[in-house]
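Here the structure is laid out as structure tokens; the discussion comes afterwards.
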Amino acid sequence: MDNVDEEYDRFVHHLRDSAKGAESLKTTKRRLSRETLELIRQRGAARASGNYQLTSELAKLCRATIKEDLKERRAEVLDEPPNEKRIGSLIQSEIKQLRRREEELYESRAQLGLPTLENDNPVRPHAQITGRESDDTACKQQAFLCGRVLCSGLSKENRANRAVDHEYCGTVPMLPTDASSAAADCGRPVASGSRAKLATIAQCSLARSEELLSVGKYAVDHQSSYSQ
């Protein structure tokens, strides 16, 4: 009989400690309102006192209020502006994809025996953007790489002829000179302080893409002369 009383006392203390812990948690306070936390505390006290009918009623109220609080919290999160860290991770993933396409372009040039352009060094494949790097630097790298991968189709078979086809050349996407349009083509928002710089970068990328297109024409001529 003494063991049963001891176990009951432990259970009561555990419920009280759980209610206090739930009330003091920072994450719980951010997600749940004070009324919901008060209902949780009352439910723990009613359960500890042995009033199971009141405990059941309070449990129903707690479930309903928790659902409402979570709905409100979800709506607040959706209305919040995008997080800078989340935008930075998206920029890093996009630049990694562009670097992979850059490596494919250089491999295709090596296979076709194309000449290396002046000041044309491959991007370091293992280079990563640190958290302290400015948003302008990421914007420059992305716009630069977007202008360089327009001829990456040379790395796949049966794409060299399409690169210089008249129909295909009319639909080759070129980078616009407008800063907002250039950033939209790259797939990311533009920072307010980097619009003027990005416009200049987009113009340089446009000239760079035209140079790469001429390289694609040279590749097709080289292949046709080799086949003959």
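Numbering-wise (the UniProt record's numbering), the sequence shown opens with residue 1 and increments by one.
C-beta: ideal position from N, C-alpha, C; glycine also.
Note that the coordinates shown come from a computational prediction; the quantities given were computed from them, not determined experimentally.
**Asked** Candidates R34, E72, D5 and G44: which alpha carbon is nearest D17's?
**Response** As a working note, residue 17 is residue 17 in the sequence shown. For D17, the nearest C-alpha among the options comes from G44.
**Prompt:** When DSSP labels each residue in this structure, what does S33 get in the three-state scheme?
**Reply:** For the purposes of this step, residue 33 is taken as residue 33 along the sequence shown, with counting starting at 1. S33: coil per DSSP, three-state reduction.
**Message:** Please state the DSSP three-state secondary structure of G44.
**Reply:** As a first step, residue 44 must be located in the sequence shown, where it is residue number 44. Helix.
**Asked** Taking one C-beta from the stretch 56 to 69 and one from the stretch 30 to 42 each time, how about it: are there three or more such pairs within less than 8 Å?
**Response** yes
**Message:** Spatial neighbours of N121 within its chain, please: C-beta separation below 6 Å, excluding the five flanking residues on both sides.
**Reply:** By one-based count along the sequence shown, residue 121 stands at place 121. Confidence is the limiting factor: at N121 the pLDDT is only 48, short of 50, which leaves the residue's position unreliable, though a coordinate-based value still follows. Closer than 6 Å at Cβ, skipping near neighbours: no residue.
**Message:** Counting C-beta neighbours from all protein chains within 10 Å, is the total for L58 16 or more, i.e. buried, or is it exposed?
**Reply:** Start at 1 with the first residue of the sequence shown, and residue 58 comes out as number 58. It is buried - the Cβ of L58 has at least 16 other Cβ atoms within 10 Å.
**Prompt:** Taking all protein chains shown into account, do 16 or more other C-beta atoms lie within 10 angstroms of the C-beta of S108, making it buried, or fewer, making it exposed?
**Reply:** What you label residue 108 is simply residue 108 of the sequence shown in a count that begins at 1. Buried: at least 16 other Cβ atoms inside 10 Å.
**Message:** Please tell me whether V12 and A46 are closer than 9 Å, where the distance is taken between their beta carbons.
**Reply:** Residue mapping note: residue 12 aligns to position 12 of the sequence shown, counting from 1. Residue mapping note: residue 46 aligns to position 46 of the sequence shown, counting from 1. Taking 9 Å as the Cβ cut-off, V12 and A46 do not qualify as a contacting pair.
**Asked** So is C151 buried or exposed if we call it buried at 16+ other beta carbons inside 10 Å?
**Response** As a working note, residue 151 is residue 151 in the sequence shown. In this predicted model, C151 has a pLDDT of only 41, less than 50, meaning its place in the structure is not dependable enough to derive any value.
**Asked** Applying the criterion that 16 or more other CB atoms from any shown protein chain within 10 Å of the CB defines a buried residue, is L98 buried or exposed?
**Response** What you label residue 98 is simply residue 98 of the sequence shown in a count that begins at 1. Burial call: buried.
**Asked** How many Å lie between E35 and C62 at the Cα?
**Response** Taking the first residue of the sequence shown as 1, we reach residue 35 at position 35. Taking the first residue of the sequence shown as 1, we reach residue 62 at position 62. Between E35 and C62, the C-alpha separation is close to 9 Å.
**Asked** Among residues of its own chain, excluding the 5 on either side of residue 263, which ones have a beta-carbon nearer than 6 Å to its beta-carbon?
**Response** This structure cannot settle anything about residue 263, because the visible part of the chain is limited to 1 through 228.
**Item:** Backbone CA spacing between E94 and R73 [nearest angstrom]
**Value:** By one-based count along the sequence shown, residue 94 stands at place 94. By one-based count along the sequence shown, residue 73 stands at place 73. Near 30 Å, if we compare the C-alpha coordinates of R73 and E94.
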